[in-house]
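To keep things clear, I will list the structure first and then write my remarks on it.
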Amino acid sequence: MTRPLRVAFFGTPEVAVPYLRALAQAGHVLCVVVTQPDRPAGRGRELRTSAVRQDADRLGLPVLQPAACGDPAFRDSLRVTEPDVAAVVAYGNLLPPGVLGCPSLGCVNVHYSLLPKLRGAAPVQRALLEGLTETGVTVQWMSPELDAGDVIVAQPVTIGPDDDAAALFARLNEVGPRLLVEALRLIAAGCAPRVPQDETLVTWAPGLTTEECRVDWTEAAERVRNRVRACAPRPGAYTLRAGRRLKILGVAVVGPTSGTQEGLPGSLAETASDGYPVVYAGCGAVALVAVQPEGRPVMSGQAYARGARLSPGERLG
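Each residue of the sequence shown is one higher than the last, beginning at 5 in the numbering used here.
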């Protein structure tokens with residue numbers, strides 16, 4: 005490394021912790037860690053600190069937890085730490101121009117897509133929902149517009165055919181910290197690229213709504229499978245059975261069930277695939293591999309079929 009940078013690290017959830025550690029191990033001076041305020045969580049609604057705050061405390065790093073990034077007092081506190089660069093990973097809020105202007109060399113952000121594709125809050129989930137076979141990690145210079153900054157470095161990542169959101173996040177998390185360290189190395193050396201994004205190629209990845217997590221059985225089986233992958237394990241795709249929510253955490257596309265004719269979308273087939281319940285889609289069918297009935301733990305589709313008294317022709321929705 006040409007010289008260590010003074011880095012203000014912005015991050016909140018567990019996914020950001022490996023980045024904080026990677027920057028510390030790379031020899032940069034973490035002059036301050038900025039994370040979300042402690043918030044009530046769990047059944048007892050006790051105040052809980054963020055994963056990044058907990059790790060920063062273990063590393064003995066100074067921490068700021070502003071209620072609002074636009075607060076002039078926070079901006080002054082940040083400026084006092086004299087950061088060269090701010091590195092932002094899943095912080096949870098957009099940074100206002102006044103904060104973006106504090107670091108002397110600028111602010112960088114890690115985004116889980118190959119920008120300009122899939123700008124927004126849910127690039128991993130949207131990549132799976134769209135059935136993409138490739139995504140990636142991008143480190144960009146931050147701008148006031150969401151995910152519109154010039155690109156410093158980017159690396160493609162293959163999406164496996166059986167990846168759900170958790171598996172894809174894990175693969176991206178292996179690439180991202182190394183890529184951020186490389187971006188800061190280039191910045192320290194004074195040779196970090198500024199590659200403008202092609203605005204004609206922009207696609208968007210807003211957060212999934214509750215309704216988007218509900219399985220639409222009129223869709224083709226492969227589309228149903230992609231929806232389940234995108235929502236697993238949290239918040240989980242779901243359907244309704246007898247008015248109660250049934251989370252569907254894993255499915256497999258299956259061919260026509262032997263001895264039966266095509267059924268109505270959402271209806272249960274007369275026979276199961278290796279003990280897994282089979283549900284007809286708009287085109288094709290899926291076997292329910294992993295489910296979570298309302299108020300129950302996650303279980304295999306086989307276990308669910310044994311205890312749920314499923315009836316052939318019964319409709320899910």
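For glycine and all other residues, C-beta sits at the position ideal for the given N, C-alpha and C. Since the structure is predicted, the reported quantities are computational estimates derived from the model, not experimental observations.
Could you tell me the boundaries of the alpha helix (DSSP H) in which PRO22 lies?
-> 21 to 29
With a Cβ-Cβ cutoff of 8 Å, do VAL92 and LEU82 count as a contact?
-> no
Would you report the Cα separation of GLU18 and ALA55, rounded to the nearest angstrom?
-> 5 Å
Residue burial classification, ASP80 (beta-carbon count within 10 angstroms, cutoff 16) | exposed
Three-state secondary structure (DSSP) of GLN159 | strand
Cβ contact check for the segment 198 to 211 and the segment 269 to 280: 3 or more pairs under 8 Å | no
So CYS35 is in the beta strand (DSSP E); what residue range does that whole segment cover?
-> 33 to 38
Backbone CA spacing between GLY153 and PRO200 [nearest angstrom] | 7 Å
Closer than 7 Å by C-beta to LYS121: which residues in its own chain qualify, once you throw out the five before and the five after it? Chain order, please.
-> LEU205 and THR207
Between the Cα of ALA125 and the Cα atoms of LEU136, GLY135 and ASN113, which residue gives the shortest distance?
-> ASN113
Where does CYS111 fall in DSSP's three states?
-> strand
Just tell me which of ILE156, LEU176, ARG175 and ARG198 has its CA closest to the CA of ALA187.
-> ILE156
Tell me whether ARG43 is buried or exposed, calling it buried when 16 or more other Cβ atoms sit within 10 Å of its Cβ.
-> exposed
With LEU183 and ILE163 assumed to form a contact (beta carbons below 8 Å), what rounded beta-carbon distance in angstroms separates them?
-> The pair is not a contact, with the Cβ atoms about 17 Å apart (cut-off 8 Å).
is_contact[PRO44, chain C] using C-beta, thresh 8 Å | Included in the structure is just one protein chain, with no chain C present.
Option nearest ARG300 by Cα separation, candidates ALA291, PRO269 and ARG249 = ARG249
Unbroken stretches of the beta strand (DSSP E), 3 residues or longer, contained in the segment 201 to 256 | 241 to 245
Are there three or more Cβ pairs, one per stretch, closer than 8 Å when the segment 278 to 296 is compared with the segment 213 to 223?
-> yes
Compute the Euclidean distance between the alpha carbons of ALA225 and ALA289, then round it to the nearest angstrom.
-> 5 Å
Measuring from the CB of ALA273, is there a heavy atom of the ligand FMN at a distance below 7 Å?
-> Of the ligands one can find in the structure shown there are none, so the ligand FMN has no counterpart to examine.
Please name the residue or residues paired with VAL89 in a DSSP beta bridge.
-> VAL11 and GLY110
Roughly how many angstroms separate the alpha carbons of GLY46 and GLU215, rounded to a whole number?
-> 24 Å
Proximal residues to ALA20 (C-beta, below 6 Å), its chain only, five neighbours per side dropped | VAL56, VAL93 and ALA94
Span of the beta strand (DSSP E) holding ARG43?
-> 43 to 45
From which residue to which residue does the beta strand (DSSP E) around TYR284 run?
-> 282 to 284
Using DSSP bridges, identify the partner residues of SER117.
-> SER117 is not bridged to any residue.
Since ALA256 contacts ALA291 with CB under 8 Å, what's their CB separation in whole angstroms?
-> 5 Å
Endpoints, the alpha helix (DSSP H) within which LEU292 is located | Segment 289 to 297 is the beta strand (DSSP E) holding LEU292; no alpha helix (DSSP H) there.
Sequence-distant residues of the same chain with beta carbon closer than 7 Å to THR53, five excluded per side | ASP42
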